[in-house]
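Residue numbers (full-length UniProt numbering): 33 to 415. C-beta: ideal position from N, C-alpha, C; glycine also. Remember, predicted model here, so these are calculated numbers, not experimental data.
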Amino acid sequence: STWWGHVDPAPKDPILGVTEAFLADPSPNKVNVGVGAYRDDDGKPVVLNCVREAEARIAGNLNMEYLPMGGSNHMVEETLKLAYGEDSEFIKDKRIAAVQALSGTGACRLFADFQKRYQPESEIYIPVPTWANHHNIWRDANVSQKTYHYYHPESKGLDFSGMMDDIKNAPKGSFFLLHACAHNPTGDKGHFPFFDMAYQGFASGDPEKDAKAIRIFLQDGHLLGISQSFAKNMGLYGQRVGCLSVLCEDDKQAVAVKTRLQQIARPMYSNPPVHGALLVSIILSDPDLKNMWLKEVKVMADRIIGMRTALRENIEKLGSPLSWEHITKQIGMFCYSGLAPEQVDRLTSQFHIYLTRNGRISMAGVTTKNVEYLANAIHEVSK
Ligand code: PMP
C-alpha cells in the first residue's frame, strides 16, 4: 500500500478552470470573459499609476522584516476609513477589531474560522448565486451553510420578497453573507451581517458611494463584519492584500476579538505579506496618490459601464427579440447574463468564448474590439 494511493485528483475549479481552457485554445478570435480581473481596452492587465508611484517610493528602502500577526497597523487604519468613513465614530471609539488579511478570500476565511470558534452553533446564510468560493470557505471552516434567495431568474434582478422571507424565517442570530447591496432588515431578527466588499469603487466608480450599504447598516445601529480586498480596486490581485474587521460593542471587546483573530492567523500563516500592505498604506495616506487612485478606479469602472451599454446595444442591433436590459441594469464587474449552461457550452465550442457555465460574463474582458463578436455569438446561441 502507498501513502497517497487513495487520493483522487481534485475537480477543476469552476472559475480558474475557464482560464486554463482559454489559454489552451489556439483560435485568434478567442475571448476570455471568465475570470474577474480587470483588463484595459486592449485586453491587457493593468497596473495602476498610483501603485507604480508607490513602488518607486519604496524601491530599495524596504526591509524584509516580518509584519506583526495582525499585519500593518497603518494599512489597516487607512483601510477602515474606506469602509466605515473618514470620520467614523467607531474608529475614534476604537470599537473595530481589525487585522490585515490575505486579500478578500483570506478575510472571509479568517472570519469563518472565528465564527466557528466563538458561535459554534451558528449557520451562515449565503445568497444564490454567489462567488462559488464562499461555499468552500465556510465549508472548510466547518460552519454549516444555508442559502437565501437573491437572484430572480425572470427579471434577472433582485428577488426582494424571496430574500426578505428567507431573512425573516432564518433562526434568530443567524449570520448573513452580503455583497455590497442595499438591504437592511436583518436587525429584526438579531442576525449578524457580514459584508464581502471585494469591489469597492468598481460599481459606481466612487469608493464612497459603494460603501453606502455598509454606512446604512452602521447608522441603523448594527454590529457587523467586513471583508475588504484591494485585488480589484487597486489591481493588487497577486499581492494578496485585504482586511478583516469586526465592529464590536466597545473598545475592550474589540481588543479581545482582535487578539483572537491574531491567534487564529498565527498557526495558519503567522503573519501577512508586507509589500502590498505598504503600497496600500502609502497610496491611501498621501493625498496626491489617493486622488490619483480615485481617478484610476473611476476610469476602470467607467470602461466597464461603457462596455455594458455597448454589449446591450450590439445585441439589440442584431434584432434579438429578448430583453437585454439587465446587462445595463446590473452593476459591478460581472453580468449575470441569464444564458443557460448549454448556451454557454455553445459559446465556447462554436465561438471560442470562455465563461463559467452559470452564464456569468466578466465585463472586464469585453473591449471595443471584441464586443461585436461577443454580441453576435450571444445572439446566435440565444435565438
Ligand atoms: N469576494 C468576491 C465576491 C469575489 O468576487 C472575490 C474575487 N473574485 C473575492 C471575494 C476574493 O478575492 P481576493 O481574495 O483576490 O481578494
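Expected contact under 8 Å - CB spacing of residue i and residue j to nearest Å
i           : j      : result
Gln232      : Leu114 : 6 Å
Cys275      : Gln362 : Not confirmed; about 26 Å, so no contact.
Ser352      : His411 : 5 Å
Phe207      : Tyr157 : 7 Å
Pro77       : Ala88  : Not quite, the Cβ-Cβ distance comes to about 19 Å (not below 8 Å), so this is no contact.
Lys188      : His38  : Lys188 to His38, Cβ: 44 Å. No contact.
residue 416 : Val403 : There is simply no residue 416 to check, as the chain begins at 33 and stops at 415 in what is shown.
Leu310      : Ile47  : Wrong, their Cβ atoms sit about 29 Å apart, outside the cutoff.
Gly308      : Val79  : Not really, about 12 Å apart at Cβ, beyond 8 Å.
Leu99       : Val306 : 5 Å
Leu371      : Ile385 : That belief does not hold up - the Cβ atoms of Leu371 and Ile385 are roughly 10 Å apart, past 8 Å.
Beta-carbon proximity of residue i to residue j, cut-off 8 Å
i           : j      : result
Ala396      : Arg84  : no
Ala129      : Trp170 : no
Met107      : Ser313 : yes
Cys82       : Ile315 : yes
Ser394      : Gly66  : yes
residue 435 : Val413 : Past the edges of the chain, shown from 33 to 415, lies residue 435, and the structure says nothing about it.
residue 1   : Asn265 : One cannot answer for residue 1 here, as it falls past the ends of the chain, which runs 33 to 415.
Leu343      : Val398 : yes
Arg335      : Asp119 : no
Gln177      : Glu155 : yes
Gly103      : Asn408 : no
Gly222      : Gly237 : no
Ile296      : Leu142 : yes
Val273      : Cys280 : no
Phe226      : Leu209 : yes
Thr137      : Asn93  : no
Phe146      : Arg292 : yes
Tyr301      : Leu190 : no
Tyr368      : Leu250 : no
Endpoints, the alpha helix (DSSP H) within which residue i is located
i           : result
Leu134      : No alpha helix (DSSP H) contains Leu134, which is instead part of the beta strand (DSSP E) from 128-134.
Gln375      : 373-383
residue 418 : For residue 418 there is no data in the structure shown, the boundaries of the chain being 33 and 415.
Leu55       : 48-56
Ile359      : 357-361
Ala407      : 403-413
Contacting residues, own chain, Cβ-Cβ under 7 Å from residue i (five flanking each side not counted)
i      : result
Pro43  : none
Asp283 : Asp125, Lys126, Arg127
Gln294 : Met101, Gly102, Val131
Cβ neighbours of residue i in the same chain (closer than 6 Å, five flanking residues each side left out)
i      : result
Pro203 : none
Thr111 : Gln260, Cys275
Thr179 : Ile158, Val160
Asn168 : none
Leu255 : Leu279
Residue range of the unbroken beta strand (DSSP E) whose run includes residue i
i      : result
Asp228 : 224-229
Phe366 : 366-368
Ile393 : 392-394
Same chain only: Cβ atoms within 8 Å of residue i, ignoring 5 sequence neighbours per side
i      : result
Ala235 : Ala212, Lys241, Asp242, Ala333, Ile363, Gly364
Lys148 : Ala173, Asn174, Val175
Below-8 Å beta-carbon distance, residue i vs any chain C residue
i      : result
His181 : Here there is only one protein chain, and chain C is not present.
**Prompt:** Listed by chain order, which residues have C-beta atoms less than 5 Å from any heavy atom of the ligand HEM?
**Reply:** Of the ligands one can find in the structure shown, namely the ligand PMP, none is the ligand HEM.
**Item:** Continuous beta strand (DSSP E) assignments of at least 3 residues falling wholly in the UniProt domain "Aminotransferase class I/classII large" (61-220)
**Value:** 128-134, 155-160, 176-181, 207-211
**Prompt:** Curious, which full-length alpha helix (DSSP H) runs of at least 4 residues does the segment 236-316 contain?
**Reply:** 239-242, 244-251, 283-301
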